[in-house]
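Chains as they are written, first to last, in this note's numbering: chain X, 2 to 163; chain E, 2 to 163. Ideal placement from N, C-alpha and C gives every residue a C-beta, glycine not left out. Please read these numbers as outputs of a predicted model, since none were measured by experiment. Note sheet for the following structure.
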DNA sequence: CTCTCAATCGAGAGTCATTCTAAACTGACC
DNA sequence: GGTCAGTTTAGAATGACTCTCGATTGAGAG
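Pasting the structure below:
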């Protein structure tokens, strides 16, 4: 969960211009573990920047992702999500309410095995797979969050299936 | 890679009606390891069923997935893909050409560790993750296929990024 | 064989997230 | 002031699905 200053530093280092729109996006992303969609980011920004265009949000998020300030997540479903957390980690997605939660290597493990595999599994180094050059491994845990398991009906904090 | 007869058997067992459209879809899916999109399936069908509607393909694929005859894959990107292979397996996606390839537990392993983790990793049993009830674990290897590594320019067998 | 009813199909419109386009703006440098 | 690259903006376009609703089909009843 990088703080605003951390993201700002990355943006500065990337050589991209520091426009008010981009800074506002960083503010939206800072300390945000909800994996916001472009829509979420836009919604959070229009209050302070009423003239903001949707296309700008897409452009800026794209540029930031390109520059390594945040990460584009394509976790299935039709929407792009953005994650300021660049540490290697996995995601748990609730089939009920659609909420997404980070799963870190040091998170609690299923009996006998860490979710992100004890050692050497999540290293960012490329690996081989008969000719296929692996650059990145994504892991997605799908299931039900505690809230959705309890109340049969999902509590709609997030957008459900569609 | 289930054969046509296998899929047919599953469809029969599901209690769904065996319509010509559905049988044609099964024919498209049988022995197909290319993870076709709805569009691909449709393209393969219009030749023999020129009156076919796109909506029918979506309906039928949805029904088949629901019935457990095939699997809906949401591997990121904007398109749904369908996979007749229901065995637990992972997917390797080429960042260059977008091709998708199955990765099985017994596939060649990165030095010292199997892609689908030697044992107990891909079992279908639910697991715990502080309150999160894991039903399914998806793993996606992203990187470059051998063809894209060789020729710098991706060979466009499949749709590239977008 | 004819009816009836539910399941399914088909055409086209609708929805939604995202991308494109072209014009306007901004700030740095000459 | 002029020029240029990088950005922003509005709005149109795109593409993948989804919905609606009337038409068709087919299994079983009579």
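Item                                                                                                       : Value
Counted within 10 angstroms of its Cβ, other Cβ atoms place residue 2(X) as buried (16 or more) or exposed : exposed
Neighbouring residues, chain E, relative to residue 134(X) (Cβ below 7 Å)                                  : 144, 145, 150
Residue 22(E) vs residue 79(E) beta-carbon contact at 8 Å                                                  : no
8 Å Cβ shell around residue 5(E) - same chain, five flanking residues per side excluded                    : 27, 28, 31, 32
Inter-residue Cα distance where the pair is residue 138(E) and residue 66(E)                               : 18 Å
Interface flag, residue 101(E) vs chain X, CB-CB below 8 Å                                                 : no
For residue 72(X), the residue or residues it bridges with in DSSP                                         : 84(X)
Helix, strand or coil at residue 157(E) according to DSSP, with G and I counted as helix                   : Because residue 157(E) carries a pLDDT of 43, less than 50, the predicted location of this residue cannot be relied on, and the following value inherits that uncertainty. It is coil, neither helix nor strand.
Residues within the region 46 to 73 of chain E neighbouring chain X, beta-carbon criterion of under 7 Å    : none
6 Å CB neighbourhood of residue 105(E) in its chain, flanking five on each side removed                    : 90
Residues of the region 77 to 101 of chain E with Cβ closer than 8 Å to any Cβ of chain X, in chain order   : 77, 78, 79, 93, 95, 96
Reduced DSSP secondary structure (H/G/I, E/B, other) of residue 140(E)                                     : strand
Beta strand (DSSP E) segment containing residue 98(X), residue limits                                      : Here residue 98(X) belongs to no beta strand (DSSP E), and DSSP marks it neither H nor E.
Exposure label - residue 14(E); buried when at least 16 CB within 10 Å                                     : exposed
Chain X residues whose Cβ lies nearer than 7 Å to that of residue 24(E)                                    : Under the 7 Å cutoff, chain X gives no residues; its nearest Cβ is about 28 Å from residue 24(E).
C-beta neighbour in chain E for residue 28(X), strict 8 Å                                                  : no
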